[in-house]
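What follows is a set of notes on a single structure, which appears directly below.
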Amino acid sequence: MTDLNKKYDEAVALKNEEKLDQAVVMLEEIVAEAPDHKLSHSALAVYLQKLNRMEEAVAHAKRVVEIDPSDTFSYTQLSIICQRCGLIQEAEDALAQARIQAPQ
Numbered sequence: 080m081t082d083l084n085k086k087y088d089e090a091v092a093l094k095n096e097e098k099l100d101q102a103v104v105m106l107e108e109i110v111a112e113a114p115d116h117k118l119s120h121s122a123l124a125v126y127l128q129k130l131n132r133m134e135e136a137v138a139h140a141k142r143v144v145e146i147d148p149s150d151t152f153s154y155t156q157l158s159i160i161c162q163r164c165g166l167i168q169e170a171e172d173a174l175a176q177a178r179i180q181a182p183q
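The sequence shown begins at 80 in the working numbering and counts up one residue at a time.
Laid out in structure tokens, this is it:
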């Protein structure tokens, strides 16, 4: 296991212990070191939304889509994060893109 993946697992463990602030700090360290670490951006989107840091949550969800634009789940997650942040049109746009990406 790479050091980044180990650190990611530690961040998830912190989240499971309800230490979201600490998990976010660790994940931010990962993306500072590896800007394309998709799992960290994905987790940051969820954790930051739970911490009511909406703009940051949306930014990380959008980054996941930028990293892997062919991943249907990335658009679905972006849609959910945008909806929870009150960005309804962006949520609908992301959901439409998820449907386009979904295999037929």
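For every residue, glycine included, the Cβ atom is placed at its ideal position computed from N, Cα and C.
Taken in chain order, the unbroken stretches of alpha helix (DSSP H) that lie wholly in the region 107-146 and span 4 residues or more are 117-129 and 133-146. Judged by beta-carbon spacing, LEU130 lies within the 8 Å limit of VAL103, meaning their Cβ atoms are closer than that value. Between SER121 and VAL110, the C-beta gap is not smaller than 8 Å, which leaves the two residues out of contact.
The continuous alpha helix (DSSP H) containing ALA92 extends over residues 82-95. Considering only GLN156, ARG163 and GLU97, the residue with the shortest C-alpha distance to LYS117 is GLN156. By a beta-carbon distance limit of 8 Å, LEU174 contacts SER158. Their separation comes to about 4 Å. The DSSP-derived three-state label of SER149 is coil.
Per the C-alpha coordinates, the member of VAL143, ASP147 and LEU123 positioned closest to ALA136 is LEU123. A distance below 7 Å between beta-carbons, with the five flanking residues on each side excluded, links LYS94 to the following residues of its chain, in chain order: ALA102 and TYR126.
For ALA181, the three-state secondary structure derived from DSSP is coil.
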